[in-house]
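Under the numbering used here, the sequence shown has 119 at position 50, and the numbering climbs by one with no breaks.
I have placed the structure first, in the form of structure tokens, so that the comments after it can refer back to it.
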Amino acid sequence: MKAALITTCVGLSLADVPALHEMMDTAREIGFATFARRCHWHDVARALGYSVGARRDGGLRMASDWHVRWYRSKWNSRPCYVMKHSAIEYIFQEQTK
């Protein structure tokens, strides 16, 4: 099962800020290919204005934007993936069954 977007740092309460800092302090940077294999990211990329898919329309692709970084970490003691774009952390996590 792929991880889905669960929240962004902007959507968190002040009480969650220490957990956010811990998540990023322990995060390990990963490549786009790993992030793409493990997360449902297309809708987020489109919402941010990136070109998505096989079509080559000349638009900017998230994988080639050097301003974006991807990480693996833990959120609420569970593995997560983080996309950092414009100083906003987008947190992706597999849903519990």
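Positions of the beta carbon are idealized from the N, C-alpha and C atoms, including for glycine.
Drop a sphere of 10 angstroms on the beta-carbon of residue i, count the other beta-carbons inside from all chains shown, and report buried for 16 or more, exposed for fewer.
| i | result |
| --- | --- |
| Met70 | exposed |
| Trp135 | exposed |
| Gln164 | exposed |
| Val86 | exposed |
| Ala156 | exposed |
| Val113 | buried |
Measure the beta-carbon distance from residue i to residue j and round it to whole angstroms, keeping in mind my assumption that it falls under 8 Å.
| i | j | result |
| --- | --- | --- |
| Ala96 | Val151 | 6 Å |
| Tyr140 | Leu74 | About 14 Å; that fails the 8 Å criterion. |
Span of the beta strand (DSSP E) holding residue i?
| i | result |
| --- | --- |
| Glu158 | Ile157 to Gln162 |
| Ala72 | Note, Ala72: premise wrong, no beta strand (DSSP E); not H, not E. |
Mind checking which residues open and close the alpha helix (DSSP H) that includes residue i?
| i | result |
| --- | --- |
| Thr103 | Phe101 to Arg107 |
Per DSSP, which one or two residues make a beta bridge with residue i?
| i | result |
| --- | --- |
| Tyr150 | Arg141 and Phe161 |
| Ser30 | In this structure the chain extends from 70 to 166, so residue 30 is not present and cannot be described. |
| Glu98 | Tyr140 |
Go ahead and pull the three-state DSSP assignment for residue i.
| i | result |
| --- | --- |
| Leu83 | helix |
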